[in-house]
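K.L.:
Below you'll find the structure I mean.
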Amino acid sequence: MIVLKFGGASLADAKNFENVKEYIKNIEDKKPVVVVSAMKGITDMLIDSIDSAVKKREGEFKRNLEVIEVKHREVIDLLVPEDKKALEYLKKSIDELNQIYISLSVIMECSPKTYDRLVSYGEKLSSFLLSCFLQKNGIESEQITGEELILTDSNHNYAYPDLNKTEKKTRKRLLPVLDSGKVPVVTGFIGADEKGNITTLGRGGSDFTASILAYCLDADEVWFLKGVSGIMTADPEVVVSANTIKEISYDEVAELSYFGAKVFHPIAIHPLRKKEIPSFIKNVYEFDDPGTRVIKENRKNGTTVKAITYIKNTSIVSVEGKGMLTIPQIAGRVFSCLGDLNILMISQSSSEQNICFVVRKDDAVKAIRRLKTEFELELIKNQINSINSENSLAVLSVVGSGMQKTPGVSGKVFKALGDEDINIKLIVQGSSELNISFVVDSSFLKKSVNAIHERFALGV
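The opening position of the sequence shown corresponds to residue 18 in the working numbering, with each subsequent residue numbered one higher.
Put into structure tokens, the structure is as follows:
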């Protein structure tokens, strides 16, 4: 059994639906379980419409609904013309969305529970239309929604599954479908809590759905279908000589995903690692392309660095002062402020007179405002001299399990940068020795990535 996950770009239009159908047809004998995202751009429009409705901009959410309807109607007209089930499902969905948005414009707010219900429509529409299309082409199929399978907590927008209970529900619902010879098409991104309320697993949660189902069904493999041929040694738009990595460990993928690589959602790794289920990052447009195999532990092949990734548009926020040693629990208070604002800290470094951390540029202003309020008294007393930020930065991360217990890797990285006269703002290396991360000015991003890629001969 293989779990296949198709993202929104793979279902962007009728032509892409046709490609997905052919892909599924090629492995129909392997009992595929198909997980899909919403069509490209649909989730963003559903979210934008929430904001429009709450602000009483009825014209905006009405226009978005028209676009959503037209995009799906085009798929129906081209692939399953005059299919009454598909047409009725689309009409019912648009009518329901319209009514909910109208309600939001009356009360002028949207609860997390309603938010999850609204954004779930994208996956429900794409999965239903794909199932209809498969059936029309002689592939027995059934749409199954995530709330039928995945039991989560009630943390709306970022729900987490109870894997034990989900395993029982999933096996009970999906195994008979598979045994009957049907291809289940499952909505990604969606679950339900104990009360039956729809929950979502966070943006990118369709990857998580695929790994959850693989865990529950003891799948042989999971294939994440993308528009590229696997994981690359660097962003090919930045490094022309970037290569596809043939094999990589889950730990290395986790590091790459955390530091900006668009591999798959980092949280999707956990269920796969628990049962040691191999996964593949493959090209949805090239069936025979081997892609990248992701396994529990990387085989030793003499390679120290596996890939280089980056996060653009970041800032370093610094809390500085000679009197900081006299402030009780200062680090805890700083990080508590970030937690209160749900700000993700990408990296952090500290000394006796300085605590600095890296965040997304958009979060820096909020963080500084909150910290200045928290440490208002300490600023007046000059225990803290300043709380400020340095902007227009990029975080680069050099990743590879071969760096573990290998001396000289850091020196080689920084020598490559020094030879190009690139100044480093901040250096962080975790105890796992899986990555070396550092911050440079955004203007040096491309030069830095290419210098390291060339120094470690990753393009060979």
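Glycine included, C-beta positions come from ideal geometry on N, C-alpha and C.
What you are looking at is a predicted structure, and each value in this text was computed from that prediction instead of being measured.
#1: Just to confirm my understanding: we take S54, look at its own chain, exclude 5 residues before and 5 after, and list those with CB closer than 6 Å. What are they?
#2: Where do the ends of the alpha helix (DSSP H) carrying S353 lie?
#3: Exposed or buried, which one is T187 when buried takes at least 16 other CB atoms within 10 Å?
#4: Can you name, in chain order, every residue of its own chain whose Cβ lies under 7 Å from the Cβ of E75, other than the five neighbours on each side?
#5: Determine the contact status of L443 and S364, defining contact as a CB-CB distance below 8 Å.
#6: For S454 and V412, which I take to be in contact (beta-carbon distance under 8 Å), what is that distance rounded to the nearest angstrom?
#7: Within the stretch 204-233, note down every full beta strand (DSSP E) run reaching 3 residues or more, in order along the chain.
#8: Taking the beta strand (DSSP E) that D458 falls in, what are its first and last residues?
#9: Output yes or no for whether 8 Å exceeds the beta carbon distance between T250 and H470.
#10: Any contact between the stretch 252-269 and the stretch 196-205? By contact I mean 3 or more CB pairs, one from each, below 8 Å.
#11: Out of curiosity, what's the CA-to-CA distance linking I111 and S66?
#12: Per the DSSP calculation, Y327 is bridged to which residue(s)?
#13: Among all the DSSP beta bridges, which residues are the ones paired with Q160?
#14: Just confirm the distance between the C-beta atoms of V334 and A384, as a whole number of angstroms; I'd bet it's less than 8 Å.
#15: Inspect the beta-carbon positions of P178 and S228 and report whether they are closer than 8 Å.
#16: Rounded to a whole number of angstroms, what is the C-alpha to C-alpha distance between C354 and R386?
#17: Give me the Cα-Cα distance between F392 and L358, rounded to the nearest whole angstrom.
#18: Under the rule that 16 or more other beta-carbon atoms within 10 Å means buried, what is S368, buried or exposed?
#19: For N440, which residues from the same chain have a beta carbon less than 6 Å from its beta carbon, with the 5 sequence-adjacent residues on both sides left out?
#20: Leaving out five residues on either side along the sequence, give the residues of the same chain with a beta carbon under 8 Å from the beta carbon of K464.
#21: Taking E211 as the reference, which of E238, L192 and T183 has the closest Cα?
#22: Judging by CA-CA distance, which residue of E165, N115 and V415 is the nearest neighbour of G213?
#23: How big is the Cα-Cα spacing for S126 and T217?
#24: Which residues does DSSP list as the beta-bridge partners of Q365?
#25: Which runs of the alpha helix (DSSP H), 4 residues or longer, sit entirely within the stretch 111-167?
#26: Would E314 pass as a contact of S403 if the rule is Cβ separation under 8 Å?
#27: Pair every Cβ in the stretch 414-423 with every Cβ in the stretch 323-330, then say whether three or more of these pairs are closer than 8 Å.
#28: For Y302, tell me which candidate among E45, I401 and N33 has the shortest Cα-Cα distance.
#29: Determine the direct distance from the alpha carbon of P98 to that of L13, and round the result to whole angstroms.
#30: Compute the minimum distance between the beta carbon of Y175 and the heavy atoms of the ligand MG, and state whether it is under 7 Å.
#31: Looking at the secondary structure, which residues open and close the beta strand (DSSP E) in which L462 lies?
#32: Taking the Cβ atom as the reference point for each residue, do Y267 and R290 lie within a distance shorter than 8 Å?
#33: Using the Cα positions of S128 and V92, report the straight-line distance between them to the nearest angstrom.
#34: Taking the CB atoms as reference points, tell me whether I161 and R190 lie closer together than 8 Å.
#35: How is the beta strand (DSSP E) around I248 delimited, first residue to last?
#36: Apart from the five residues on each side of it in sequence, which residues of its chain come closer than 7 Å, Cβ to Cβ, to K378?
P.N.:
Walking through what the data contain:
#1: Cβ within range, chain order: G24, G25, G205 and S223.
#2: From DSSP, the alpha helix (DSSP H) with S353 extends over I347 to D357.
#3: Classification for T187: buried.
#4: Excluding positions up to five away in sequence, the list reads S122.
#5: For L443 and S364, yes; Cβs fall inside 8 Å.
#6: Right, the Cβ-Cβ distance comes to about 6 Å (below 8 Å), so this counts as a contact.
#7: Within the stretch 204-233, the complete beta strand (DSSP E) runs of at least 3 residues fall at 207-209 and 215-217.
#8: Here the beta strand (DSSP E) through D458 covers N452 to D458.
#9: Closer than 8 Å, so yes.
#10: The stretch 252-269 is not in contact with the stretch 196-205.
#11: Straight-line spacing of the CA atoms in I111 and S66 works out to 13 Å.
#12: Residue pairing by DSSP places Y327 opposite L413 in a beta bridge.
#13: Answer by DSSP bridge pairing, in chain order: V202.
#14: The distance from the Cβ of V334 to that of A384 is about 5 Å, consistent with a contact at the 8 Å cut-off.
#15: When the beta-carbon positions are compared, P178 and S228 stay at least 8 Å from each other.
#16: Cα to Cα, C354 sits roughly 10 Å from R386.
#17: Looking at the backbone, the Cα of F392 and that of L358 are separated by about 16 Å.
#18: Taking all protein chains shown into account, S368 has fewer than 16 neighbouring C-beta atoms within 10 Å of its C-beta and is therefore exposed.
#19: Hits under 6 Å: none found.
#20: If we look at K464 and ignore the five residues flanking it on each side, its Cβ neighbours are E437 and I439.
#21: The shortest C-alpha to C-alpha distance from E211 to any of E238, L192 and T183 is the one to T183.
#22: The residue with the shortest Cα to Cα distance from G213 is E165.
#23: In the sequence under discussion, the amino acid at residue 126 is Glu, which differs from the Ser named in the question. Taking the straight line from one Cα to the other gives about 19 Å.
#24: F374, per the DSSP bridge assignment.
#25: Listed in chain order, they are 129-136 and 138-153.
#26: For E314 and S403, no; Cβs fall outside 8 Å.
#27: By the C-beta criterion, the stretch 414-423 is judged to be in contact with the stretch 323-330, since at least 3 inter-stretch pairs fall below 8 Å.
#28: Ranking E45, I401 and N33 by Cα distance to Y302 puts N33 first.
#29: This structure does not reach residue 13, given that the chain is present from 18 up to 477, and the question cannot be answered.
#30: The model on display carries no ligand, and the ligand MG is accordingly not part of it.
#31: Per DSSP, L462 belongs to no beta strand (DSSP E); it is in the alpha helix (DSSP H), L462 to R472.
#32: Annotated as proximal: Y267 and R290, with beta-carbon spacing under 8 Å.
#33: About 32 Å.
#34: Yes, the pair counts as a contact, with Cβ atoms nearer than the cut-off.
#35: Boundaries for I248: no beta strand (DSSP E) harbours it, and the DSSP string shows neither H nor E there.
#36: Here the set comprises N330, T331, S332 and N408.
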